[in-house]
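Residue numbers (UniProt numbering), protein chains in the order written: chain A, 1 to 305; chain B, 1 to 305.
Where a beta carbon is used, it is the ideal one built from N, C-alpha and C, also for glycine.
Every value quoted in this text rests on a predicted model; they were computed, and no experiment measured them.
Here is the structure we will look at.
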């Protein structure tokens, strides 16, 4: 079998972001950690880490980290029988879209976390890279808008997030006095999360406008809200984020030809142990409190992010 | 002189995140864009792009993007005399810390943006990499907690952000019945932005606790707020973000031995043109409305992020 002490050194260095921090985390000296990683590389005959330009795992290193996380999840199922295993904190690494993390997801899993002590390593990912991380085994679960399961994983549909086009009353008066149309959209600045945020592009495409259209780029979910409130542009906000600002009158909804609904799928490792299964059941149970139902989402011609 | 058509192709491919999108942005075919980049590489005798693992500029490519952005900023100063130059949208690329972007910064610059039409490309960066991006010339300005200017740039102090340790009343009752101390802090889960977020480590170090201490990792400013409200852990939140939840009673402040104040410095290119100078003056003027004063920040033994 593999020497898990060596794998532990590798995960500590990667998770903590450096040799010194990894050593602190394990309560070892930096040279002990460095020796463990050298030994691991010598045994495997291949490097597990790249040092530059930034510290990161090699392809083999990623596979090993994945394996170590899976072993930890399986060990967690033994805690009832071997309580001493429980002294290690249980960690779960999950990739999710920025808007879910900034809105409903933490609130939905709050009670679960109070029952099962688990520390979360969350990773914000856009659509494409989130599933790549599942495929590479870097994360044990992933929340995104793609329905197709990756190999070794299962997927459940949780429902959908409704997005609303919004801006300040003053912005609307200035840029959209006649509502959204091809002319106003080629002039008014939008606020887009990043180059991989296609939601905005698809909304604009409904008006037969091809890029370029003027836009700010703001890779922060709450940053987009604040920029919209400050009148820098119009944006597509999740209903959860828009609601309080619509109620206070700071923002106004702009009518779009069809509702914008993004489906949410939960991908999780098939061999992820009891904890991951419980979290999955819990999320399926809770999601109707936070998301549009699966039926509504399907009826609403959902838009992948 | 350089052929700026070729540089424009390079920036479009990088900014838009791909050849197809870059071509759409410029209204060219993909093969025209690809030829321009090949021609640029042939003239310079060096590659400007790397294609894998992800599309990105080489070191030379970065220098050229920097140069192109600087030229655009200088062109902007000519618009009054040569209005036709104004048909190009003015873009400004700025790196800033996630907490400023999720709170005060967009609100502070809102009115400036309504006067000077400029599209923002914002980049969220932690401390170390933000200044590296200034050094590489990838961003024209950067908001971070380091006072030392990088070469070719100037820096102004804007004041400081106050952070508060907070949690739900229920979390405090369960984990901190006697307040913060070494014992409770080694058991209660904290919520940390990422491995480079040292603020939490420094707070914990005041109680003579060395890592590891239990923590979730959540790389989203608003995600940290939501996780705290959901009772997953305690966190250090900017006062702006904590305030509404303290008022509603959802969160309660936890007393710390000394106030946690993070200084904010604005770094900007010396040769950044009139627009960047105006933005800098505007921010200096406005920051007292949003931040602790420079004097208060200095008195409060500021903690770099």
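Per the DSSP calculation, residue i is bridged to which residue(s)?
i	result
residue 253 of chain B	B:166
residue 261 of chain B	B:162
residue 94 of chain A	A:122, A:141
Determine the DSSP secondary structure at residue i, reduced to helix, strand or coil.
i	result
residue 104 of chain A	helix
residue 293 of chain A	coil
residue 235 of chain A	strand
residue 267 of chain A	strand
residue 299 of chain A	helix
residue 242 of chain B	helix
residue 117 of chain B	coil
residue 61 of chain B	helix
residue 273 of chain A	helix
residue 68 of chain B	helix
Kindly examine the ligand SAM and report whether one of its heavy atoms sits closer than 6 Å to the Cβ of residue i.
i	result
residue 231 of chain A	Here there are no bound small molecules, and the ligand SAM is not part of this structure.
So does the segment 230-238 of chain A actually touch the segment 121-130 of chain B, counting three or more Cβ pairs closer than 8 Å? Judged by Cβ distances under 8 Å, the segment 230-238 of chain A makes no contact with the segment 121-130 of chain B, as fewer than three pairs qualify.
Tell me the start and end of each unbroken beta strand (DSSP E) in the segment 195-222 of chain A that is at least 3 residues and wholly inside, in chain order. 215-217
Segments of 4+ residues assigned as alpha helix (DSSP H) that fall wholly inside the segment 123-196 of chain B: 127-135, 169-175, 182-185
Using a Cβ distance threshold of 8 Å, determine whether the segment 270-289 of chain A contacts the segment 57-77 of chain A, with at least three qualifying pairs required. yes
Note down, one range per segment and in chain order, each alpha helix (DSSP H) of at least 4 residues found wholly within the UniProt domain "HTH lysR-type" (2-58) of chain B. 4-16, 19-26, 30-44
Chain A contacts from the segment 202-216 of chain B (Cβ-Cβ distance under 9 Å): 210, 211, 212, 214, 215, 216
Of all the residues that make up the segment 120-139 of chain A, which are near chain B by a beta-carbon distance shorter than 8 Å? 120, 121, 122, 123, 124
For the segment 282-297 of chain A against the segment 23-40 of chain B, are there 3 or more C-beta pairs whose distance is under 8 Å? no
Short-range partners of chain A found in the segment 239-252 of chain B, where Cβ spacing is below 7 Å: none
Do the segment 137-156 of chain B and the segment 165-180 of chain B touch if we need at least three Cβ pairs shorter than 8 Å? no
Tell me whether the segment 260-267 of chain A and the segment 211-221 of chain A touch, counting them as touching only if at least three CB pairs, one residue from each stretch, are closer than 8 Å. no
Which residues of the segment 24-53 of chain B have a Cβ closer than 7 Å to any Cβ of chain A? Give them in chain order. 24, 25
Which of the residues in the segment 144-171 of chain B, read from start to end, lie with their CB under 8 Å from any CB of chain A? Residues of the segment 144-171 of chain B with a C-beta less than 8 Å from any C-beta of chain A: none at all.
Report the residues of the segment 56-72 of chain B with a CB closer than 7 Å to any CB of chain A, ordered along the chain. none
Do the segment 45-56 of chain B and the segment 249-258 of chain B make contact, defined as three or more Cβ pairs closer than 8 Å? no
Okay, do the segment 172-181 of chain B and the segment 292-301 of chain B touch, 3+ Cβ pairs below 8 Å being the bar? No, because fewer than three Cβ pairs between the segment 172-181 of chain B and the segment 292-301 of chain B fall closer than 8 Å, the two stretches do not touch.
The segment 183-201 of chain A: which residues have C-beta closer than 7 Å to a C-beta of chain B, in chain order? 189, 195, 196
Residues in the segment 277-303 of chain B having any Cβ partner in chain A nearer than 8 Å: Look at the segment 277-303 of chain B: it has no residue with a C-beta under 8 Å from a C-beta of chain A.
Are the segment 134-142 of chain B and the segment 108-120 of chain B touching by the rule of at least three beta carbon pairs closer than 8 Å? no
If contact is defined by three or more beta carbon pairs under 8 Å, each pair taking one atom from either stretch, is the segment 41-53 of chain A in contact with the segment 23-31 of chain A? Contact between the segment 23-31 of chain A and the segment 41-53 of chain A is absent: fewer than three C-beta pairs spanning the two stretches fall below 8 Å.
Mind listing which residues of the segment 8-21 of chain A have their C-beta closer than 8 Å to chain B's C-betas, in chain order? 15, 16, 17, 18, 21
Which residues of the segment 102-117 of chain A have a Cβ closer than 9 Å to any Cβ of chain B? Give them in chain order. The segment 102-117 of chain A vs chain B, Cβ under 9 Å: 102, 103, 104, 105, 106, 107, 108, 109, 110, 111, 113, 114, 117.
Do three or more CB pairs link the segment 181-193 of chain A to the segment 7-22 of chain B at distances below 8 Å? no
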